[in-house]
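Colleague:
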Amino acid sequence: MNILRTMIRPLVAAPFIVEGIDAIKSPKAHARKVEKIAPTLRRFRLDWVADHPQLASRAAGAVTVCAAGALALGKAPRTAATLLTAVSLPIACAQVASEESISEKIQTGINRGALTGALVLAALDRQGAPSLMWRASNFASRTADKAAVQAEQVKAAAHSQLVSAKSAIGVN
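For the sequence shown, the residue numbers in our numbering are 1241 to 1412.
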């Protein structure tokens, strides 16, 4: 399974790397998409993004390239995939909103949804290791079992000492 992860992560990251480099090199096309959703950005108090769409596009492109590069190289892949998901969701919304026809909106939405789904899977991939919740639960269960065994041993030892003490003083 590890070889599959090694092959799949760069494939998932590749479109984000290409898109991020494009946003850095030619932000005007990306800025036009941001300008179309400027009223929504202002409603969410993101005035700075709405006022500086080219700079925001370049910044998002840089973050996208860095996170996608880390994912492709397998460096902190869960963190990289989580960051990439957080950055790509607003970008996906801007891309869908900027499409002209309904069919283009649907196609872009499906593509971006599939990529986001792949990122979520990468973010949740623990490479076969159990979750922290399971490990804590398992530890608690094993500790409780050990405590129960020790309690039985102490009880048996105490009973044995009681029987020995009674026989030493001649009490039944």
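Cβ atoms here follow ideal geometry from the backbone N, Cα and C, with glycine treated the same way.
(1) In whole angstroms, give me the CA-to-CA distance for Met1247 and Lys1395.
(2) Output the boundary residues of the alpha helix (DSSP H) element that contains Leu1271.
(3) Considering Cα atoms alone, identify which of Glu1340, Ser1407, Val1252 is closest to Ala1312.
(4) My output table needs one value for Gln1367: the three-state DSSP class, helix, strand or coil.
(5) Taking Cβ to Cβ, would you say Val1274 is nearer than 7 Å to Pro1255?
(6) Go ahead and pull the three-state DSSP assignment for Phe1256.
(7) Is Ala1398 helix, strand or coil when you go by DSSP?
(8) Closer than 6 Å by C-beta to Leu1359: which residues in its own chain qualify, once you throw out the five before and the five after it? Chain order, please.
(9) Thinking C-beta only, is Ala1302 closer than 7 Å to Ala1310?
(10) Determine the burial state of Thr1319: buried for a count of at least 16 other Cβ atoms within 10 Å of its Cβ, exposed for fewer.
(11) Express the C-alpha separation of Asn1242 and Ala1391 in angstroms, rounding to a whole number.
(12) If you draw a straight line from the C-alpha of Leu1329 to the C-alpha of Thr1356, how long is it?
(13) What alpha helix (DSSP H) runs, 4 residues minimum, are completely inside the segment 1286–1340?
(14) Between Ala1354, Gly1349, Pro1250, Ala1263, which lies nearest to Val1335 when the distance is taken from Cα to Cα?
(15) Kindly indicate which three-state DSSP category Gly1353 falls into: helix, strand or coil?
(16) Using the Cβ count rule (16 or more neighbours within 10 Å means buried), how would you classify Val1258?
(17) Looking at Ala1269: is its Cβ nearer than 7 Å to the Cβ of Arg1282?
(18) Expressed to the nearest angstrom, what Euclidean distance is found between the alpha-carbon atoms of Ala1405 and Asn1378?
Modeller: A quick look at the data gives this:
(1) 57 Å
(2) Before going further, note that residue 1271 is Ala rather than Leu in the sequence given. Per DSSP, the unbroken alpha helix (DSSP H) holding Ala1271 starts and ends at 1267–1276.
(3) Val1252
(4) Shown here, Gln1367 sits in coil according to DSSP, grouped into three states, outside any helix or strand.
(5) No.
(6) Reduced to three states, the DSSP call for Phe1256 is helix.
(7) helix
(8) Ala1321, Leu1324, Thr1325
(9) no
(10) exposed
(11) 44 Å
(12) 7 Å
(13) 1287–1291, 1293–1313, 1317–1338
(14) The identity of residue 1335 in the sequence shown is Gln, whereas the question assumes Val. Nearest option by C-alpha distance: Gly1349.
(15) In the three-state reduction of the DSSP assignment, Gly1353 falls in the helix class.
(16) exposed
(17) No, the Cβ-Cβ distance between Ala1269 and Arg1282 is not below 7 Å.
(18) Ala1405 and Asn1378: Cα-Cα distance of roughly 40 Å.
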